[in-house]
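Chains as they are written, first to last, in the numbering used here: chain A, 1 to 110; chain B, 1 to 115. Right, one structure below, let's go through it.
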Amino acid sequence: SQQGEEDPQALSIQEGENATMNCSYKTSINNLQWYRQNSGRGLVHLILIRSNEREKHSGRLRVTLDTSKKSSSLLITASRAADTASYFCATGTSGSRLTFGEGTQLTVNP
Amino acid sequence: GAVVSQHPSRVICKSGTSVKIECRSLDFQATTMFWYRQFPKQSLMLMATSNEGSKATYEQGVEKDKFLINHASLTLSTLTVTSAHPEDSSFYICSAAAVMNTEAFFGQGTRLTVV
């Protein structure tokens, strides 16, 4: 199986609820990044967390990294319908080269 | 942040023809560029890494003679899909980094449809 496996594969919630997505990886990393992709569109970079960091915040986003468990989570608080998208984690091992997870399809119902 | 422009955003071509996709770093010089492919409802898979002035490094299973990559300048890399077939229909996306081990910035992607 590939580096960067995510769960759940699909998540459907109501507007205002929190959404949590998890990512696991297998090898040592330099950093882990989260991206959003709207259907058929390019990637939007959300947040980067380095291997020596445990938690990072950006607006309604909170990312945690547990290198001992080789896992990360992305929390979106007070979700909005506009947050509906696919979310991918990507691990950086060798510099700028990224390995993407399977992705989580988030649907926020108004 | 830095801007990476990919062109075209969409292309439809006939089976057997070749298609060229351009990836440009607009406000920085990119020594390294990456090409990814994404099939519908799947994740992004790295196809190859290209360094300016040298041959691209292809991932296992990617045919180098079919997917020609040229990185002739510090602001432009091209991916040519040769003799395209319907199974090559996919979303192709590039990223560019100023130097290795720094953040890479993504282009907006190219939707290729081979009919």
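All C-beta atoms, glycine included, are put in the ideal place defined by N, C-alpha and C.
Residues near residue i in its chain [Cβ-Cβ closer than 7 Å; skip 5 each side]
{"i": "A:A85", "result": "R36, Q37, N38, L106"}
{"i": "A:R60", "result": "I76, T77, A78"}
{"i": "B:I12", "result": "T113, V115"}
{"i": "B:N51", "result": "T31, T32, H71"}
C-beta neighbour in chain B for residue i, strict 8 Å
{"i": "A:S73", "result": "no"}
{"i": "A:T84", "result": "no"}
{"i": "A:E168", "result": "Lying before the first or after the last residue shown, residue 168 of chain A is absent from chain A, which here runs from 1 to 110."}
Close Cβ partners of residue i (< 6 Å) along its chain, the five nearest in sequence each way excluded
{"i": "A:R62", "result": "L75"}
{"i": "B:S77", "result": "C23, M33, S50, H71"}
{"i": "A:Q14", "result": "N109"}
{"i": "B:I69", "result": "A48, S50, A56, L79"}
{"i": "B:R10", "result": "R111"}
{"i": "A:A10", "result": "Q105"}
Beta bridge counterpart(s) of residue i as assigned by DSSP
{"i": "A:T107", "result": "A:S12"}
{"i": "A:Y87", "result": "A:R36, A:T104"}
{"i": "B:F91", "result": "B:Q38, B:R111"}
{"i": "A:H57", "result": "A:R62"}
{"i": "B:Y58", "result": "B:A48"}
Contacts of residue i in chain A (Cβ-Cβ under 8 Å)
{"i": "B:R111", "result": "G40"}
{"i": "B:Q29", "result": "Per Cβ cutoff of 8 Å: no residues; B:Q29 is ~14 Å from chain A at best."}
{"i": "B:T49", "result": "R97"}
CB contact check: residue i to chain A, cutoff 8 Å
{"i": "B:E87", "result": "no"}
{"i": "B:G107", "result": "yes"}
{"i": "B:T32", "result": "yes"}
{"i": "B:I93", "result": "yes"}
{"i": "B:A97", "result": "yes"}
{"i": "B:L26", "result": "no"}
{"i": "B:S116", "result": "An answer regarding residue 116 of chain B cannot be provided, because it is not within the stretch 1 to 115 covered by chain B."}
{"i": "B:L46", "result": "yes"}
{"i": "B:A56", "result": "no"}
Nearest-angstrom Cα separation, counted from residue j out to residue i
{"i": "A:I49", "j": "A:S28", "result": "14 Å"}
{"i": "B:A97", "j": "B:A104", "result": "4 Å"}
{"i": "A:K70", "j": "B:A2", "result": "29 Å"}
{"i": "B:R111", "j": "A:L65", "result": "33 Å"}
{"i": "B:P86", "j": "B:Q6", "result": "22 Å"}
{"i": "A:R97", "j": "B:Q60", "result": "15 Å"}
{"i": "A:S18", "j": "A:V108", "result": "Residue identity check: residue 18 of chain A is Asn in the sequence provided, not Ser. Taking the straight line joining both Cα atoms gives about 10 Å."}
Partners in chain A for residue i, counting only beta-carbon separations shorter than 9 Å
{"i": "B:E103", "result": "N31, Q33, H45, L48, G92, S96"}
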